[in-house]
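All letters in the sequence shown, in the order written, are residues 10 to 405 by the numbering used here.
Note that CB positions come from ideal geometry on N, CA and C, so glycine has one too.
Below you'll find the structure, written out as structure tokens, and then a few comments.
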Amino acid sequence: MTDPTTPAGSPAAASASAAAPPAASPPLSELTTLRVGGAARELVQPDSELEIVRTALDVWSTGDDWWVLGGGSNVVAPDDGLDGTVIRLATHGVKRLEGDDPARVHLRVQAGEPWDALVGLTVYNGWSGIEALSGIPGSVGAAPIQNIGAYGQELSQVLIAVDFLDWETGHRLRLTADELGLGYRTSAIKRGRLGIVIAVELELTATTDRVPLSRPVAYAQLADALGVQVGEAAPIREVREAVLRLRAGKGMVLDAADADSVSAGSFFTNPIVEESVARTLPADLPRWPVEQDDDTPLVLPLGYEPAPRPRDTRPRHVKLSAAWLIERAGIHRGFALPGSHAAISSKHTLALTNRGGATALEIEQLAEFVRTRVASEFGVVLQPEPVFLGPSDDLY
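Quick look at the structure:
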């Protein structure tokens, strides 16, 4: 389904004007939570859907390099800045769409809306589905690109579709969750489909209970904090409060008074390896099975006799704890390379922090040191979670 938006590179696109003249570009260290990076050549900040389209087509028609920035919470910007245009989304708004089922809440959210503000709104209204994603910094538009997840919930569980401006065609598309190919901290967009997320559609659950409940709690640490069993629900507001406490205890909630929150969040994803590889690693390394697709019908027609199911010969996969690997490789909380202003968080080994005046190069050097130590000790190569903007060393 497409909207006949003017394709990039056409005369009309070339003459389209942006929402406002390019602003004097501040250093990207002022626009990102890690607080590193020089200035972009140009910064534009469209504040409506129409201006996003006009601005993007105008920028794309020049053939210059461009980048999209939301809340700046999951990026590492280069020290020398960016020789091109940064499109910083400044759109806001949440709209509830009409539907036949009062128990289903269908929302359309602007890409520039702060993610945690959205979660707070849904919890206030008693709509469950993203309460365990409380405290995650950044914008709504970035959420499907990364398929954000925490404490047993993932965006993929509630995402319906995104409104997407496609760079290749210049058309505005509605991409369903299936078309986005969502996986563990990834999507088709992150894997290389260029364009801009304009808005996001979610489907949450509404209840008529006097005390609205969450979805079943799926993470043991969160269940313990709430005093419930895994698989049980809890008051939705208590779930949000518990998640915020847990994240704050790890320095994962933005706080001007907490130096450990000057980070890009978890810097490495939990590695997924074949089960045969996991068996060669220490037995006390935390690991979780990764679900695999199963084409067997869940409901069989009456009288249907299924053929004997062949033995599944596909390699089994498990997810490993990156934090455990880092710690057991001898890298402790607060660790820093000599003379560097970048350090491992004092609260959580998955976060790389700017202790004041760190450069992007120092962040990259620390990340590469961590990766080298873990690979040398366990033969597992950690993958970074943040996006590296612009040119950088081929560390990854």
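Between the region 176-192 and the region 96-109, the count of C-beta pairs closer than 8 Å stays below three; the two stretches do not touch. In this structure, Trp297 lies near Val327, with their beta-carbon atoms less than 8 Å apart. The Cβ-Cβ distance between Ser143 and Ser223 does not fall below 8 Å.
Sequence-distant Cβ neighbours of Arg325 in its own chain, meaning closer than 6 Å and more than five residues away, are Glu284. The way I'd put it, the region 87-96 does touch the region 67-74; three or more beta-carbon pairs between them come closer than 8 Å. A Cβ-Cβ separation of about 6 Å places Gly260 in contact with His357 under the 8 Å criterion. In the structure shown, Thr131 adopts helical secondary structure according to DSSP, grouped into three states. Distances from the alpha-carbon of Leu52 to those of Val396, Gly79, Thr185, Val45 put Gly79 closest. Per DSSP, Ser148 lies in no alpha helix (DSSP H) and is assigned neither H nor E. Ranked by Cα distance from Ala208, the options Pro153, Ala332, Val114 are led by Pro153. Pairing Asp269 with Ser330 gives a Cβ-Cβ distance that is not under 8 Å. Secondary structure at Pro153: helix, using DSSP grouped into helix, strand and coil. DSSP places Val327 outside any alpha helix (DSSP H); the residue lies instead in the beta strand (DSSP E), whose first and last residues are 326-329.
Here the alpha carbon of Gly147 sits roughly 10 Å from the alpha carbon of Ile157.
Taken in chain order, the whole beta strand (DSSP E) runs of length 3 or more contained in the region 335-365 are 351-353, 360-363. Rounded to the nearest whole angstrom, the C-alpha separation of Leu231 and Ile145 is 15 Å.
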